[in-house]
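Under numbering that gives the first Met the number 0, the first residue of the sequence shown is numbered 0, with each subsequent residue one higher. Backbone N, C-alpha and C define an ideal beta-carbon position, used for all residues, glycine too. Please read all numbers here as calculations on a predicted model, not as lab measurements.
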Amino acid sequence: MIRQCAVCWLPGTLCTQCKSASYCSKTCQKADWPSHQLLCKAITRQGTRPTPAHKRALYFPAERRQPEFFWVECPHDDYPDDPGMPDILSIQAYVGAPHYASEKVRLNPRLGRFSPRMVEFFGANPMPKKMGNRSLRAACKAYGSVRRGWEGPLVVLGISAAPCDVTADEILGNGLAGGGIINYDDINLFDLRTIVDWSVWYSEGVVP
Ligand SMILES: [Zn+2]
Ligand SMILES: [Zn+2]
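1. Under 7 Å, do residue 139 and residue 199 count as touching if we go by C-beta distance?
2. In chain order, what are the residues with a CB under 7 Å from some non-hydrogen atom of ligand 1?
3. Do you know how far the Cα of residue 112 is from the Cα of residue 32?
4. Once you ignore the five residues that flank residue 132 on each side, which residues in its own chain have a CB closer than 6 Å to its CB?
5. Suppose contacts are defined by Cβ-Cβ distances below 7 Å. Is residue 105 in contact with residue 117 by that definition?
6. Is residue 16 buried or exposed, if buried means 16 or more other CB atoms sit within 10 Å of its CB?
7. Please report how far the alpha carbon of residue 190 lies from the alpha carbon of residue 137, in whole angstroms.
8. Measuring from the CB of residue 139, is there a heavy atom of ligand 2 at a distance below 6 Å?
9. Taking the C-alpha atoms as reference points, what is the distance between residue 208 and residue 91?
10. Which residues are close to ligand 2, meaning CB closer than 5 Å to any heavy atom, in chain order?
11. What three-state label does DSSP hand residue 13 in the structure shown?
12. Taking residue 185 as the reference, which of 127, 87 and 57 has the closest Cα?
13. Determine which residues share a DSSP beta bridge with residue 3 and list them.
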């Protein structure tokens with residue numbers, strides 16, 4: 000579990016309720032609370048993991064305010080040498096479209112630094128026009144408007160990666176597919192901060 004403060008990345012202590020994000024201080028905890036409070040309880044109430052290959056994913060419904068967790072099978076565990084892919088069919092069921100677009104995000108644009116973890120966004124392709132995403136807006140609203148405008152339902156997965164293994168060139172070059180350097184794992188509430196920061200501080204042309 001991530002022990003760096005979700006807000007400033009200094010060493011922190013875990014949120015006592017969810018144990019899914021850490022904070023270095025009351026100030027940082029308070030700063031994170033408007034988004035954190037949407038999921039702090041929900042993460043402790045998610046049903047049992049169906050199999051060890053299932054990882055926690057986060058669903059942002061387009062027309063409801065509350066984001067939700069679900070389990071997605073990531074066949075990575077069967078193929079340790081291959082980063083593999085999560086079960087796309089179950090992601091598509093949430094995204095609600097036969098085709099999807101995805102975006103792996105390593106940069107935190109608020110801090111201007113690469114995160115110790117990554118997230119991957121999955122949305123419908125083409126995006127449903129003018130639908131927006133109510134639950135993503137709700138998570139971001141204390142911080143600003145959503146500038147990375149995903150339209151329609153959104154799924155986000157968490158990815159662990161060794162901090163020094165990844166360079167900006169690799170991110171640009173091959174989407175991090177090679178070398179077994181990434182690993183889909185349970186999304187956590189450190190990742191929620193990355194999702195919000197990417198959505199609010201996003202600007203065109205920035206390295207994800
Ligand atoms: Zn902090
Ligand atoms: Zn919490």
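So, from the listed chains and residues:
1. yes
2. 4, 6, 7, 9, 11, 22, 23, 24 and 27
3. Rounded to the nearest whole angstrom, the CA to CA distance from residue 32 to residue 112 is 22 Å.
4. 59, 61, 149 and 153
5. By the CB criterion at 7 Å, residue 105 and residue 117 fall inside the cutoff.
6. exposed
7. Each residue's alpha carbon lies about 16 Å from the other.
8. no
9. Within the shown structure, residues of the chain are numbered from 0 to 207, placing residue 208 beyond reach of any answer.
10. 14, 16, 17 and 39
11. DSSP places residue 13 in strand when its eight states are reduced to three.
12. 57
13. 10
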